[in-house]
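*Asks:* Below you will find the structure I want to go over with you.
2 protein chains.
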Amino acid sequence: MSSSRPRPTLLDVAAAAGVSKSLVSLALRGDPGVSARTRERILVVADQVGYRPSLTARTLKQGRSMLLGAVISSLDNPYHTEIVASVERAAEDVGLSVVLAHGSKDRGRLADRVQQLLDLGVDGLAVVSSWVPEQVLAAAARRAPVVMVGRTAAPVPGIDSVNNDDEQGAALVVQHLVTRGHIRIAHVTSSVRPAGLARCRGYEAAMRRAGLGGHVRVARPDRAALDALLDEGTTAIFARNDVEAVDVLDHALDAGLRVPADLAVVGYDDTVLARRARPSLTSVQQQREVMGAQAVALLGQRLAGRTADVHEVLEARLVVRASS
Amino acid sequence: MSSSRPRPTLLDVAAAAGVSKSLVSLALRGDPGVSARTRERILVVADQVGYRPSLTARTLKQGRSMLLGAVISSLDNPYHTEIVASVERAAEDVGLSVVLAHGSKDRGRLADRVQQLLDLGVDGLAVVSSWVPEQVLAAAARRAPVVMVGRTAAPVPGIDSVNNDDEQGAALVVQHLVTRGHIRIAHVTSSVRPAGLARCRGYEAAMRRAGLGGHVRVARPDRAALDALLDEGTTAIFARNDVEAVDVLDHALDAGLRVPADLAVVGYDDTVLARRARPSLTSVQQQREVMGAQAVALLGQRLAGRTADVHEVLEARLVVRASS
DNA sequence: GATCCGTCCTGGAACGTTCCAGACGTTCCG
DNA sequence: CGGAACGTCTGGAACGTTCCAGGACGGATC
Chain Y
5 MSSSRPRPTL
15 LDVAAAAGVS
25 KSLVSLALRG
35 DPGVSARTRE
45 RILVVADQVG
55 YRPSLTARTL
65 KQGRSMLLGA
75 VISSLDNPYH
85 TEIVASVERA
95 AEDVGLSVVL
105 AHGSKDRGRL
115 ADRVQQLLDL
125 GVDGLAVVSS
135 WVPEQVLAAA
145 ARRAPVVMVG
155 RTAAPVPGID
165 SVNNDDEQGA
175 ALVVQHLVTR
185 GHIRIAHVTS
195 SVRPAGLARC
205 RGYEAAMRRA
215 GLGGHVRVAR
225 PDRAALDALL
235 DEGTTAIFAR
245 NDVEAVDVLD
255 HALDAGLRVP
265 ADLAVVGYDD
275 TVLARRARPS
285 LTSVQQQREV
295 MGAQAVALLG
305 QRLAGRTADV
315 HEVLEARLVV
325 RASS
Chain V
5 MSSSRPRPTL
15 LDVAAAAGVS
25 KSLVSLALRG
35 DPGVSARTRE
45 RILVVADQVG
55 YRPSLTARTL
65 KQGRSMLLGA
75 VISSLDNPYH
85 TEIVASVERA
95 AEDVGLSVVL
105 AHGSKDRGRL
115 ADRVQQLLDL
125 GVDGLAVVSS
135 WVPEQVLAAA
145 ARRAPVVMVG
155 RTAAPVPGID
165 SVNNDDEQGA
175 ALVVQHLVTR
185 GHIRIAHVTS
195 SVRPAGLARC
205 RGYEAAMRRA
215 GLGGHVRVAR
225 PDRAALDALL
235 DEGTTAIFAR
245 NDVEAVDVLD
255 HALDAGLRVP
265 ADLAVVGYDD
275 TVLARRARPS
285 LTSVQQQREV
295 MGAQAVALLG
305 QRLAGRTADV
315 HEVLEARLVV
325 RASS
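Protein chains in written order, with my numbering: chain Y, 5 to 328; chain V, 5 to 328.
If you want it as structure tokens, here you go:
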């Protein structure tokens, strides 16, 4: 019982209802110029024959698909998927659907997926990945509005962005640790990507502002580097994201330290990992729900004709838990 | 610099190359009936004007989109996303693309997303969710081939499935624990969904086969229930999935037990959680990569005309780690 | 020199919509 | 009573492809 007979079209409904295809089209779209009686009849008939409009044909005719594309590099990063989910909810509110394409961290694959979405005819593109090559983004922007959401990156002309303020978020962490009495506060990061670098900058700047410029330490999240930090008397570690914070946590516990008594640990992104860690992890939260809404709004403005680039920067918040 | 001028069509390329639109179409699709010289010229011109074929128009004409739809209930469950990724890879190998739709565990939303994908014109549907209402699946199967992947559910006529053998996987766990000398082996589950029930059945059957029918204990993964199990002298707990196994782990550690010395804990699904837990979690692994390939193959067979239902059941494997 | 065949190319119809211009009948107004 | 205005409906063109039937041309064959 696979797809046997061809699906009914407007013409089939029209024939069954004894009216023209145009009228069926108008009735189904709720055009006020259709009398209530006939509209009712047409709706009933359409339902009976199991009519479903062809989005393909509609898109071809109208030149717009009411579809938004979302590109994501990794499906297994809850930070990314939560942003996509918020984009989806926001899109739904304005009658748009979202189709997802994912392409790991392979630039070539990601470029292909972007092309694919554009070829499909999406009306806009939300990119939740910092791995899409700049020139691919620029080319995409010539075909449809594009917004980068939740990923810091070098601004590409013609592309909007929504992001959290990584430097401010990092500063929040430092301030929090300072008020908790910490002085030897180190930063742990393995990233040379834009977001990681911004957080590192924010950390260093905040340390200097707190008069702790002499205690700035940046290390990689491996055991040797951590041991070195602990030897120096470090009492607090701010990791570039939750994943690496959990690594730090594990190493510290293995080394027999008590957290937070002997060592405070703080992460970033406030993913499910932070809530689930033992002890639960203090982390920096981004306004993911707002991000999605903003992204959709920006795309809408572009579709409505805006041409100037807009870059939204949202404030980050600290969620204090047991690890600090 | 948004989408200003309309994108070039076959006609534009034809005009620029001084040939007919039909010839451009043939040349771009590599038809052998086009002379090498003109093909070359057309390709160059197409590239110059930045031509990209409209998938929408092609789909409308051909009646097939070369698109597969994947429906997933939750983006934050690594088990599901990994399956989707494997479907994607397999589809790519046969020249199909995958568009993703996700709809949390809300049956209504999921039904909408299924409709949406079908309206979009996907050639097949891979459902990675046990929350899609049965009648929605049945209706979908009348429009396009549908395969359920990685989710046990009541078989729906007209729909294929690929799954791991939950009962066999559960039996593996019991056998493993028995050879480790455990006798009081309990099962912890909070699920009344098909997969959970199958694992529970498998646990009970394996216990009886091992002559331990008298020690069958099934409990919910909350603290009270766990304490009750421990009071009874339970030395091993098999949890219905990794998430609940981690919960068990946490409670046990909180209670001052050593794992695996005092209590062995085993999960199911072999997600990233199992690798990351402390101690790392023994878990049952499903052949996710094979699942994706099978799913795509089944859809292909349906498209090629198969009408009989096929249900693939793949063997599960045990991955032994530190927790048992 | 007419016929045939192959190679290379062309025009038009179709896919299922939307939308425009206009047709038809009735009512209203001057 | 003629025409404008309205409410309701219709037919055809268009969107950008693919595909089919066939046309033009050259060379080989009879």
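Where a beta carbon is used, it is the ideal one built from N, C-alpha and C, also for glycine.
May I ask you to report which of helix, strand or coil DSSP gives Ala-281/V?
*Replies:* The residue you call residue 281/V lines up with position 277 of the second sequence. Of the three classes helix, strand and coil, the one that applies to Ala-281/V here is coil, per DSSP.
*Asks:* Can you tell me the Cβ-Cβ gap for Ser-133/Y and Ile-87/Y, rounded? I've got them flagged as a contact below 8 Å.
*Replies:* Counting from one through the first sequence, the residue named residue 133/Y turns up at place 129. Counting from one through the first sequence, the residue named residue 87/Y turns up at place 83. So it is not a contact: roughly 10 Å between Cβ atoms.
*Asks:* Can you tell me the Cβ-Cβ gap for Asp-123/V and Leu-71/V, rounded? I've got them flagged as a contact below 8 Å.
*Replies:* By one-based count along the second sequence, residue 123/V stands at place 119. By one-based count along the second sequence, residue 71/V stands at place 67. Their Cβ separation, rounded to whole angstroms, is 12 Å, which puts Asp-123/V and Leu-71/V out of contact at 8 Å.
*Asks:* Could you tell me the alpha carbon to alpha carbon distance between Thr-238/Y and Asn-245/V, rounded to whole angstroms?
*Replies:* Working through the first sequence from its first residue, we reach residue 238/Y at position 234. Working through the second sequence from its first residue, we reach residue 245/V at position 241. Approximately 38 Å between the Cα atoms of the pair.
*Asks:* Can you tell me whether Pro-225/V is buried or exposed? The criterion is at least 16 other CB atoms within 10 Å of its CB, across all chains shown.
*Replies:* Within the second sequence, residue 225/V is the residue found at index 221, counting from 1. With 16 or more other Cβ atoms within 10 Å, it is buried.
*Asks:* How should Leu-27/Y be labelled, buried or exposed, when 16 other C-beta atoms within 10 angstroms of its C-beta is the threshold for buried?
*Replies:* As a working note, residue 27/Y is residue 23 in the first sequence. By the neighbour-count rule (16 or more Cβ atoms within 10 Å), Leu-27/Y is buried.
*Asks:* From which residue to which residue does the alpha helix (DSSP H) around His-84/V run?
*Replies:* What you label residue 84/V is simply residue 80 of the second sequence in a count that begins at 1. It spans 82-97 - the alpha helix (DSSP H) in which His-84/V sits, taken as one unbroken run.
*Asks:* Tell me which residue opens and which closes the alpha helix (DSSP H) that Glu-208/Y is part of.
*Replies:* Numbered from 1 along the first sequence, position 204 holds the residue referred to as residue 208/Y. Residue range 198-213 is occupied by the alpha helix (DSSP H) that includes Glu-208/Y.
*Asks:* Please compile the residues from chain V whose C-beta is within a distance smaller than 9 Å of the C-beta of Ala-1/Y.
*Replies:* Residue 1/Y lies beyond the residue range present for chain Y, which begins at 5 and ends at 328; the question has no answer from this structure.
*Asks:* Please go through the same chain and pick out, in chain order, the residues whose beta-carbon is closer than 6 Å to the beta-carbon of Ala-174/V, but skip the five residues on each side of it.
*Replies:* What you label residue 174/V is simply residue 170 of the second sequence in a count that begins at 1. Here the set comprises Arg-203, Gly-206 and Tyr-207.
*Asks:* Nearest chain V C-beta to Val-276/Y closer than 8 Å, yes or no?
*Replies:* Walking along the first sequence from the start, residue 276/Y turns up at place 272. It does: the Cβ of Val-276/Y has a partner Cβ on chain V nearer than 8 Å.
*Asks:* Work out the CA separation of Asn-168/V and Leu-318/V for me, nearest whole Å.
*Replies:* Taking the first residue of the second sequence as 1, we reach residue 318/V at position 314. Taking the first residue of the second sequence as 1, we reach residue 168/V at position 164. Each residue's alpha carbon lies about 5 Å from the other.
*Asks:* Contact criterion: CB-CB distance below 8 Å. Does Ser-101/V meet it with respect to chain Y?
*Replies:* Here residue 101/V refers to the residue found at position 97 when the second sequence is read from its first residue. Taking Cβ atoms only, chain Y reaches closer than 8 Å to Ser-101/V, which makes this a yes.
*Asks:* For a contact meaning CB atoms closer than 8 Å, what does Pro-57/V contact in chain Y?
*Replies:* Numbered from 1 along the second sequence, position 53 holds the residue referred to as residue 57/V. Those are Asp-123, listed as they occur along chain Y.
*Asks:* For Gln-66/Y, count neighbouring Cβ atoms within 10 angstroms of its own Cβ and tell me buried if that reaches 16, exposed if not.
*Replies:* As a position in the first sequence, residue 66/Y is number 62, starting the count at 1. That one is exposed.
*Asks:* When the Cα atoms are used, what is the spatial distance from Arg-197/V to Ser-327/V?
*Replies:* Here residue 197/V corresponds to residue number 193 of the second sequence, with the count starting at 1. Here residue 327/V corresponds to residue number 323 of the second sequence, with the count starting at 1. Cα-Cα distance, rounded: 26 Å.
*Asks:* When we look at the beta-carbon of Arg-3/Y and count the other beta-carbons within 10 Å, is it buried (16 or more) or exposed?
*Replies:* What is shown of chain Y runs 5 to 328, which leaves residue 3/Y out entirely.
*Asks:* Residues of chain V with CB under 9 Å from Pro-264/Y, in chain order?
*Replies:* Taking the first sequence and counting its residues from 1, one reaches residue 264/Y at position 260. Chain V residues near Pro-264/Y: none, gap ~17 Å exceeds 9 Å.
*Asks:* Does any C-beta atom of chain Y lie closer than 8 Å to the C-beta of Val-88/V?
*Replies:* Indexing the second sequence from 1 puts residue 88/V at position 84. Residue-level contact by beta carbon holds for Val-88/V and chain Y, with a gap shorter than 8 Å.
*Asks:* Determine which residues of the segment 137-150 of chain V have a Cβ less than 8 Å from any Cβ of chain Y, and write them out in chain order.
*Replies:* Ala-145, Arg-146, Arg-147, Ala-148 and Pro-149
*Asks:* For Ala-308/Y, count neighbouring Cβ atoms within 10 angstroms of its own Cβ and tell me buried if that reaches 16, exposed if not.
*Replies:* Translated into the one-based positions of the first sequence, residue 308/Y becomes position 304. Its Cβ having fewer than 16 others within 10 Å, Ala-308/Y is exposed.
*Asks:* Does any residue of chain V have a CB that is nearer than 8 Å to the CB of Ala-61/Y?
*Replies:* Taking the first residue of the first sequence as 1, we reach residue 61/Y at position 57. Closer than 8 Å: yes.
*Asks:* Can you find a CB in chain V that lies within less than 8 Å of the CB of Ala-105/Y?
*Replies:* For the purposes of this step, residue 105/Y is taken as residue 101 along the first sequence, with counting starting at 1. Answer yes: the Cβ-Cβ gap between Ala-105/Y and chain V drops below 8 Å somewhere.
*Asks:* Taking 7 Å as the limit between beta carbons, can you name the residues of its chain near Lys-109/V, skipping five residues before and five after?
*Replies:* Numbered from 1 along the second sequence, position 105 holds the residue referred to as residue 109/V. Taken in chain order, the residues that qualify are Ser-77, Ser-78 and Trp-135.
*Asks:* Give the secondary structure of Leu-79/V by DSSP, where H, G and I count as helix, E and B as strand, and everything else as coil.
*Replies:* By 1-based counting over the second sequence, the position of residue 79/V is 75. The answer is coil: DSSP assigns Leu-79/V none of H, G, I, E or B.
*Asks:* Hey, does Pro-225/Y have any beta-carbon neighbour from chain V nearer than 8 Å?
*Replies:* Along the first sequence, read from residue 1 onward, the residue named residue 225/Y stands at position 221. Not one chain V Cβ lies under 8 Å of Pro-225/Y.
*Asks:* Name, in chain order, the residues that DSSP records as bridge partners for Thr-286/Y.
*Replies:* Counting from one through the first sequence, the residue named residue 286/Y turns up at place 282. Partner(s): Val-270/Y.
*Asks:* Mapping DSSP to helix, strand and coil, what is Ser-7/V?
*Replies:* The residue labelled residue 7/V in the question sits at position 3 within the second sequence. Only weak support exists for where Ser-7/V lies, its pLDDT of 43 falling under 50; the value from the coordinates is given anyway. Ser-7/V falls in the coil class under three-state DSSP.
*Asks:* Assuming Ala-157/Y is part of the alpha helix (DSSP H), what are its boundary residues?
*Replies:* Locating residue 157/Y in the first sequence gives position 153, counting from the first residue. Element bounds for Ala-157/Y: n/a, residue is neither H nor E.
*Asks:* How far does the alpha helix (DSSP H) with Met-70/Y in it extend, from its first residue to its last?
*Replies:* Walking along the first sequence from the start, residue 70/Y turns up at place 66. Premise fails: Met-70/Y is in no alpha helix (DSSP H) and is neither H nor E.
*Asks:* Any chance you could list the alpha helix (DSSP H) runs of at least 4 consecutive residues sitting entirely within the segment 113-160 of chain Y, in chain order?
*Replies:* 138-145
*Asks:* Would you mind stating whether Gly-296/Y and Val-98/Y have Cβ atoms separated by less than 8 Å?
*Replies:* Along the first sequence, one-based indexing puts residue 296/Y at 292. Along the first sequence, one-based indexing puts residue 98/Y at 94. No; because the gap between Cβ atoms is not below 8 Å, this pair is not in contact.
*Asks:* Can you tell me which of Arg-68/V, Ile-163/V and Asp-258/V puts its alpha carbon nearest to the alpha carbon of Ala-312/V?
*Replies:* Indexing the second sequence from 1 puts residue 312/V at position 308. For Ala-312/V, the closest of Arg-68/V, Ile-163/V and Asp-258/V by C-alpha to C-alpha distance is Ile-163/V.
*Asks:* Three-state secondary structure (DSSP) at Ser-195/Y?
*Replies:* On the first sequence, residue 195/Y is found 191 positions in, with the first residue counted as 1. The answer is coil: DSSP assigns Ser-195/Y none of H, G, I, E or B.
*Asks:* Under the DSSP definition of a beta bridge, which residues are partnered with Val-222/Y?
*Replies:* Looking up residue 222/Y in the first sequence gives position 218. Paired residues: His-191/Y.
*Asks:* What's the gap between the Cα of Ala-281/Y and the Cα of Val-102/V?
*Replies:* The residue given as residue 281/Y occupies position 277 in the first sequence. The residue given as residue 102/V occupies position 98 in the second sequence. Their Cα atoms are separated by approximately 34 Å.
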